[in-house]
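Visitor: One structure coming up, written as structure tokens, with questions to follow.
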Amino acid sequence: MELLRARPSPQAAASLRPSYRHRFLSVGPLRRSIALRCKREDQDWPTLASGKPAEAENGPLMALPTARVELNGNGMVSVSGILDTITEVEDSSLFSNTIVNEIEQDKVLVSGNVLDLTAEENEIDEQEKSKASITHNIIFVSSEAAPYSKTGGLADVCGSLPIALASRGHRVMVITPRYLNGVSDKNFVNATDLMVRIKVSCFGGEHEISFFHEYREGVDWVFVDHPAYHRPGNPYGDSSGAFGDNQFRFTILSYAACEAPLVLPLGGYTYGEKSLFVINDWHTSLVSVLLAAKYRPHGVYKDARSVLVIHNLAHQGVEPAITFSNLALPTEWYSSLEWIFPTWARKHALDRGEAVNFLKGAIVTCDRIVTVSQGYSWEITTSEGGNGLNELLSNRKYVLNGITNGIDVDEWNPTSDKHIPFHYSVDDLSGKTQCKAALQTELGLPVRPDTPLIGFIGRLDYQKGTDLICSALPELLQDDVQFVMLGSGDAKTESWMRWAESVYNEKFRGWVGFNVPVSHRITAGCDIFLMPSRFEPCGLNQMYSMRYGTVPVVSSTGGLKDTVENFNPYANDGSGQGTGWRFSPFCKEAMLAALRMAIQTYREHKTSWEGLMQRGMSKDYTWNSAAIQYEQVFNWAFTDPPYV
Ligand SMILES: Nc1ncnc2c1ncn2[C@@H]1O[C@H](COP(=O)(O)OP(=O)(O)O[C@H]2O[C@H](CO)[C@@H](O)[C@H](O)[C@H]2O)[C@@H](O)[C@H]1O
Numbered sequence: 001m002e003l004l005r006a007r008p009s010p011q012a013a014a015s016l017r018p019s020y021r022h023r024f025l026s027v028g029p030l031r032r033s034i035a036l037r038c039k040r041e042d043q044d045w046p047t048l049a050s051g052k053p054a055e056a057e058n059g060p061l062m063a064l065p066t067a068r069v070e071l072n073g074n075g076m077v078s079v080s081g082i083l084d085t086i087t088e089v090e091d092s093s094l095f096s097n098t099i100v101n102e103i104e105q106d107k108v109l110v111s112g113n114v115l116d117l118t119a120e121e122n123e124i125d126e127q128e129k130s131k132a133s134i135t136h137n138i139i140f141v142s143s144e145a146a147p148y149s150k151t152g153g154l155a156d157v158c159g160s161l162p163i164a165l166a167s168r169g170h171r172v173m174v175i176t177p178r179y180l181n182g183v184s185d186k187n188f189v190n191a192t193d194l195m196v197r198i199k200v201s202c203f204g205g206e207h208e209i210s211f212f213h214e215y216r217e218g219v220d221w222v223f224v225d226h227p228a229y230h231r232p233g234n235p236y237g238d239s240s241g242a243f244g245d246n247q248f249r250f251t252i253l254s255y256a257a258c259e260a261p262l263v264l265p266l267g268g269y270t271y272g273e274k275s276l277f278v279i280n281d282w283h284t285s286l287v288s289v290l291l292a293a294k295y296r297p298h299g300v301y302k303d304a305r306s307v308l309v310i311h312n313l314a315h316q317g318v319e320p321a322i323t324f325s326n327l328a329l330p331t332e333w334y335s336s337l338e339w340i341f342p343t344w345a346r347k348h349a350l351d352r353g354e355a356v357n358f359l360k361g362a363i364v365t366c367d368r369i370v371t372v373s374q375g376y377s378w379e380i381t382t383s384e385g386g387n388g389l390n391e392l393l394s395n396r397k398y399v400l401n402g403i404t405n406g407i408d409v410d411e412w413n414p415t416s417d418k419h420i421p422f423h424y425s426v427d428d429l430s431g432k433t434q435c436k437a438a439l440q441t442e443l444g445l446p447v448r449p450d451t452p453l454i455g456f457i458g459r460l461d462y463q464k465g466t467d468l469i470c471s472a473l474p475e476l477l478q479d480d481v482q483f484v485m486l487g488s489g490d491a492k493t494e495s496w497m498r499w500a501e502s503v504y505n506e507k508f509r510g511w512v513g514f515n516v517p518v519s520h521r522i523t524a525g526c527d528i529f530l531m532p533s534r535f536e537p538c539g540l541n542q543m544y545s546m547r548y549g550t551v552p553v554v555s556s557t558g559g560l561k562d563t564v565e566n567f568n569p570y571a572n573d574g575s576g577q578g579t580g581w582r583f584s585p586f587c588k589e590a591m592l593a594a595l596r597m598a599i600q601t602y603r604e605h606k607t608s609w610e611g612l613m614q615r616g617m618s619k620d621y622t623w624n625s626a627a628i629q630y631e632q633v634f635n636w637a638f639t640d641p642p643y644v
């Protein structure tokens with residue numbers, strides 16, 4: 001640390017007795033403490049006083065009788081000592097404002113602006129907080145990762161949480177398929193062939209797999225290549241529905257993910273056996289079964305651990321029991337995947353309901369389980385929210401944690417978003433008004449600044465409660481409002497959107513398709529964001545909306561309940577609190593009531609509305625806090641022996 005020297009004035013120096021000329025006092029931090037030391041010609045530096053500035057607030061720091069250190073008002077620290085021990089004052093750069101205030105007959109008073117120290121200390125604290133104390137080799141395995149492939153929130157999480165963990169000092173690999181469909185191929189142009197080939201034996205044959213690699217933002221992005229990933233459509237299907245060979249496609253992904261840390265010399269060396277696998281949803285659930293059934297019995301991956309992250313329990317990867325033999329697992333492992341449908345869910349009298357369930361396989365073999373919000377982690381242990389897995393999940397409740405997702409605050413940033421026509425911030429919202437007008441123009445809706453514009457973005461799926469929107473729209477549109485809906489998925493809802501647009505042409509737009517730039521423009525241009533999900537493990541769009549000053553109206557479930565705070569206009573002496581509206585129960589009437597409340601507030605209580613926008617925009621949505629919580633889970637996983 002560079003030391004600055006503050007010398008006594010010439011007059012003061014002249015008054016010093018010559019024999020003490022070379023003695024001096026130093027005021028400088030020993031890391032986070034101030035030490036006041038003096039030097040005699042023939043001696044070391046005895047410490048006269050030392051301690052932490054913060055402690056000085058409660059009185060003088062520990063000091064020898066000859067010196068005192070005190071914190072004055074306004075963050076000034078004073079150090080005084082007996083003059084005959086002091087001829088010169090030395091200070092560290094942290095005390096940039098140090099001045100020798102007084103040198104009297106027998107005393108010196110030195111002041112430094114301790115606020116500088118505090119700022120510096122905070123910086124050190126921040127730096128320390130931003131690094132993990134224990135680091136791991138982490139392998140994220142996912143069927144999608146933005147920006148390479150995306151159908152929903154899973155891609156967002158697997159595209160941004162790994163970066164946050166890498167920046168905290170972990171070695172992080174994301175392993176996901178190299179989907180080539182003619183449209184997304186450009187996303188993989190920076191990935192080079194690692195020239196490593198492996199052969200996976202399953203589904204009655206040997207399948208050659210290669211790996212592509214891109215190092216970006218501190219993360220090794222590894223793309224598993226096989227002809228089964230090269231076809232038109234999205235990662236799971238096309239306009240005719242889900243691909244028939246999805247079980248095969250995700251089985252080879254799981255096998256490849258298990259081999260990658262052993263065979264890929266990334267940056268010159270492999271991730272190795274002491275890796276932590278973060279497996280996401282059913283597609284990659286087989287990883288923890290493979291570790292337990294095929295590797296550990298042969299002494300491999302004894303030090304590895306697996307954490308299952310459940311983004312959506314509704315999809316479990318269930319296939320007929322007969323497909324078990326395709327997985328090339330030892331037969332004694334059948335029970336780990338075994339799944340018997342309840343009688344009411346069987347198709348015919350002879351159907352014995354026997355199936356294999358990938359997600360169940362991970363639940364019973366992984367070391368820890370995380371869901372993407374605390375609310376959802378409880379819901380999945382109940383019969384209402386457990387999709388048949390609630391009892392198993394309850395049994396493993398002691399390793400089950402809920403961690404609310406963060407968001408990519410660089411991609412979703414209204415001050416710099418490349419997809420929106422005008423930028424704005426919580427301090428200057430004028431750009432948002434312009435974004436609204438631009439969106440109305442783009443959609444061909446009347447440009448009316450005072451008409452509340454409501455938006456919906458999401459997969460058209462039973463989960464997202466779009467049926468509630470369909471049934472409520474006629475009543476909602478009796479009011480002076482506009483509504484824009486972006487989504488793809490369920491064919492019936494897609495045609496309903498087209499129909500509604502033709503019938504309510506002055507007020508409703510239904511954008512059928514998957515379009516990321518449009519999703520950003522809707523998020524920025526709308527006043528209200530509607531998310532009437534039946535269940536929602538976390539939900540990202542409500543967070544994107546709040547960050548863009550678009551007030552959410554959400555159903556009171558899962559992560560929506562955890563992230564949207566209900567508006568209360570009377571709180572804080574009438575200045576209000578809350579960031580949106582949550583409605584319950586899940587029904588059209590409750591949703592309409594919440595929307596009408598939002599519309600009325602928008603129209604008649606402008607100050608309240610601004611407060612709602614500002615509170616939503618000011619919240620911290622970064623991954624920092626979630627990353628720290630994930631680290632805790634990882635550490636716990638390594639504390640315990642492997643579960644299986
Ligand atoms: N037509 C379209 N065009 C453009 N973009 C579109 C789109 N339809 C959806 N998106 C985007 O896809 C993402 C959806 O994320 P969500 O978290 O809201 O839901 P999803 O159910 O997919 O994720 C699951 O996993 C995530 C992550 O853990 C959980 O938050 C969530 O609750 C769980 O259901 C958002 O980025 C959204 O903008």
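Mapping the sequence shown onto the working numbering, position 312 (from 1) lands on 312, and the numbers just tick up by one.
Ideal Cβ placement from N, Cα and C applies to all residues, glycine included.
1. Please classify residue 502: is it buried, with 16 or more other beta-carbons within 10 angstroms of its beta-carbon, or exposed?
2. For the segment 564-571 and the segment 484-501, state whether three or more C-beta atom pairs, one from each stretch, are separated by less than 8 Å.
3. Can you check which of these residues, 385, 388, 306 and 224, is closest to residue 635 by C-alpha distance?
4. Quick check: what's the CA-CA separation for residue 638 versus residue 364?
5. Should residue 280 be labelled buried (16 or more other beta-carbon atoms within 10 Å of its own) or exposed?
6. I need the straight-line Cα distance from residue 260 to residue 233, nearest angstrom please.
7. Are three or more beta carbon pairs between the segment 251-265 and the segment 195-207 nearer than 8 Å?
8. Please specify which runs of the beta strand (DSSP E), each continuous and at least 3 residues long, are wholly inside the segment 450-478, giving them in chain order.
9. Looking at ligand 1, does it come within less than 7 Å of residue 526, judged from the CB to the closest heavy atom?
10. Can you tell me the Cβ-Cβ gap for residue 144 and residue 235, rounded? I've got them flagged as a contact below 8 Å.
11. Report yes if the C-beta distance between residue 264 and residue 300 is below 8 Å; otherwise report no.
12. In chain order, what residues of the same chain lie with their CB nearer than 7 Å to the CB of residue 373, ignoring the 5 residues before and after it?
13. Return the bridge partner residues of residue 581 from the DSSP annotation.
14. Return the chain-ordered list of same chain residues with a C-beta closer than 6 Å to the C-beta of residue 275, the five sequence neighbours on each side being excluded.
15. Tell me which same chain residues have a C-beta within less than 7 Å of the C-beta of residue 447, skipping the five on either side of it?
16. Can you tell me whether DSSP reads residue 380 as helix, strand or coil?
17. Which residues does DSSP pair with residue 215 in a beta bridge?
18. Run through DSSP, which three-state label would residue 592 get?
19. Excluding five sequence neighbours on each side, which residues of the same chain lie with their C-beta closer than 8 Å to the C-beta of residue 393?
20. Let me know if residue 575 comes out buried or exposed under the rule of 16 or more other beta-carbons within 10 Å of its beta-carbon.
21. For the alpha helix (DSSP H) that contains residue 138, what are its first and last residues?
22. Tell me which residues share the same chain as residue 420 and place their Cβ nearer than 6 Å to its Cβ, disregarding the 5 neighbours each side in the sequence.
23. Do you know offhand how far residue 426's Cα is from residue 250's?
24. Are at least three pairs of beta-carbons, each pair with one atom in the segment 576-587 and one in the segment 614-628, less than 8 Å apart?
25. Would DSSP call residue 624 helix, strand or coil?
26. Can residue 253 and residue 283 be called in contact, C-beta distance under 8 Å?
27. Count the CB pairs spanning the segment 145-154 and the segment 176-186 that are closer than 8 Å, and state whether there are at least three.
28. Determine the burial state of residue 271: buried for a count of at least 16 other Cβ atoms within 10 Å of its Cβ, exposed for fewer.
29. Buried or exposed for residue 348, please, with buried defined as at least 16 other CB atoms from any protein chain shown within 10 angstroms of its CB.
30. Tell me which same chain residues have a C-beta within less than 6 Å of the C-beta of residue 554, skipping the five on either side of it?
31. Say the cut is 7 Å; is the CB of residue 537 nearer than that to a heavy atom of ligand 1?
32. Please give the ranges of any alpha helix (DSSP H) in the segment 203-290, keeping only runs that are unbroken, at least 4 residues long and fully inside the region.
33. Could you tell me which of 603, 292 and 183 sits nearest to residue 641, measuring between CA atoms?
34. Does the beta-carbon of residue 515, which I'm using as the reference point, lie nearer than 7 Å to any heavy atom of ligand 3?
35. Give me the residue from 624, 456 and 443 with the minimum Cα distance to residue 408.
36. Relative to the C-alpha of residue 320, which candidate in 208, 209 and 334 has its C-alpha closest?
Guide: In brief:
1. exposed
2. no
3. 306
4. 17 Å
5. buried
6. 26 Å
7. yes
8. 453-460
9. no
10. 5 Å
11. no
12. 402, 404, 537, 538, 558, 559 and 562
13. 553
14. 137, 139, 261 and 304
15. 437, 440 and 441
16. coil
17. 220
18. helix
19. 363, 369, 380, 381, 386 and 400
20. exposed
21. No alpha helix (DSSP H) contains residue 138, which is instead part of the beta strand (DSSP E) from 137-141.
22. 435, 520, 521 and 524
23. 43 Å
24. yes
25. helix
26. yes
27. yes
28. buried
29. exposed
30. 531, 542, 560, 564 and 582
31. yes
32. 246-263 and 286-290
33. 292
34. Among the ligands present in this structure, namely ligand 1, ligand 3 is not found.
35. 624
36. 334
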